[in-house]
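Below: one structure, written as structure tokens.
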């Protein structure tokens, strides 16, 4: 399963976590994921919905770059996102605090 598939599954499960859905929708932001060994995708929270789609979007609050395996490990909880960032396995350009908030919300929805 790719990192995109994992993230889509998490977003599908968000309806079971109203507080998490509210957190993500309140962000009203877009995040670009550039997969160094795969295709790019993005998450956008606008207009009362959360969209995960292949490709690129503009404008974005932040761009996250990593391999598909690293992103998969972060989304599945096998690897801590902050730890991946500190180890240089994951790069972030833009609003790092919004990325941290998104990551925290994803973790809550995975449980």
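Numbering (the working numbering), first residue to last: 4 to 114.
Ideal Cβ positions, reconstructed from N, Cα and C, are used throughout, including at glycine.
Around the C-beta of residue 17, 16 or more other C-beta atoms lie within 10 Å, and the residue is accordingly described as buried.
Secondary structure note for residue 101: its alpha helix (DSSP H) is the uninterrupted segment 99-113. In terms of CA proximity to residue 10, 75 leads the group 75, 38 and 23. Residue 47 carries a strand assignment under DSSP once its states are collapsed to helix, strand and coil.
Annotation for residue 92: 69 and 73 place their beta carbon closer than 7 Å to its own, counting only its chain and skipping 5 residues before and after.
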